[in-house]
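Data block below; observations after.
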DNA sequence: GTCAATTCACATGAAAGAGACCACGGTCTAGTG
DNA sequence: CTAGACCGTGGTCTCTTTCATGTGAATTGACGA
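In our numbering, the protein residues as written are 1410 to 1826.
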């Protein structure tokens, strides 16, 4: 323990490249948002009526992840709330992220969560949904007020719960005497509105705002500004920020990733006891983020998913070429036998493959092989440097020994002529 | 050689079941005054 | 008499199965040049 003690002491004394890390964290709202003036202005114009107790139009915000949507909304609503508070205007803004599992990804949970925002205790399950609606309405209509619901990642909600929920929400106003409700929807998926029922679409997107991706120069601006706050002067080597921006711009202009990259690079430099962040640290950070991302996704998957993934690994390693659903299913079934796991039906496996695709671990493209059917061509989309690590992590998770997976491979080989 | 029909190997959809969790209301039990 | 324990009912949620239908192009086979 004495060692730990000195470790902590040293840690405290150790100098850091950071001055104040908070400006690099994703929850940070700067007082000056760069390159989003147009959108923020528009948004302000749209939402401003709520300060006069009028119902603002419903708004829809589109844009890829890391393009400042959430940030802009946060900023604008903060300002509105600030003023409303000062002038004593009854405006409420409720922010909800529909993507967070177990929070708002079904109709029941969404309404329950909204009702909770009004201080009502709603059990996580057990009540009929319309009962929750009633509670919610009552809470909402208690006083005269304008309420803005900000629904982040609204596409996730629709994907899981259908657009019925949204339709109900848009019609809330008809049932309310005192309160008025507007909806601000945020979506990463640009083609999302086409999936909506036309009725929902028209009432929900009275106004639309598009957030284009940042280009490399804009990301550089943003990084510079944040770096100024969070790093000590001269703690960053020349070119680091430019390269960081380039990385991020390559990945469809995601500013959040760029900031994360910069932060991790700083942490790596800290750990190496250096007082300057170098290009090398940045590269290390890139690799670390990538690795952590995949590893994290992989080990948090359920057993069945891991088994399927492992089957994909085995085939991929053997073949180094795309794997078809049927082949994968065969290997998976045998693997299940070894793991004394009840194999799922092919129908289910097919869905799971699609989900793994969504997670970005593999790429599954549906192709028709003509006479030889229609199937998915599955390709692992991991950087090859990570394949070994992830595979052994999977082995560990599934409690497979290397011998067992080898044995399994040998069984597999004679199948294909 | 051309063209439509056929066929494969799954993809994709819809519905429904299983099992876990939970609230609510009624009934029973034991402890209290 | 009352608080708490203990059902039964009815609800949601997730994962899964079952059954049904869809699908894109290589292949086939009939047809005409």
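Think of the CB as a built atom: it goes at the ideal place given N, C-alpha and C, for glycine as much as any other residue.
Just so it is clear, the structure is predicted and the values come from calculations on it, not from any experiment.
In chain order, what residues of the same chain lie with their CB nearer than 6 Å to the CB of residue 1745, ignoring the 5 residues before and after it? 1752
Of all the beta strand (DSSP E) runs that stay within the bounds of the segment 1484-1570, which reach a length of 3 or more residues? 1500-1506, 1554-1561
8 Å contact criterion, which residue 1429 and residue 1639 should meet: CB distance rounded: 5 Å
Helix, strand or coil for residue 1802, going by three-state DSSP, please let me know. helix
I need the boundaries of the beta strand (DSSP E) containing residue 1616, first residue and last residue. 1616-1620
What is the residue span of the beta strand (DSSP E) that residue 1594 lies within? 1588-1596
Determine the closest residue to residue 1601 out of 1734, 1564, 1756, with distance taken between C-alpha atoms. 1564
In terms of DSSP beta bridges, what is residue 1786 paired with? 1733, 1774
What did DSSP end up calling residue 1820 once you bin it into helix, strand or coil? Residue confidence for residue 1820 is low, a pLDDT of 48 falling below 50, so the modelled location carries little weight and cannot support an answer.
Taking 8 Å as the cut-off, decide whether the C-beta atoms of residue 1499 and residue 1553 are in contact. yes
Which one or two residues does DSSP pair with residue 1645 in a beta bridge? 1686
For residue 1623, which three-state DSSP category applies? coil
For a test of the three-state rule: what should DSSP assign to residue 1437, helix, strand or coil? coil
Can you pull the DSSP bridge partners for residue 1469? 1594, 1617
What are the start and end residues of the alpha helix (DSSP H) that includes residue 1679? 1664-1680
Host alpha helix (DSSP H) of residue 1756 (start-end): 1755-1768
Run of the alpha helix (DSSP H) containing residue 1574, from where it starts to where it stops: 1573-1579
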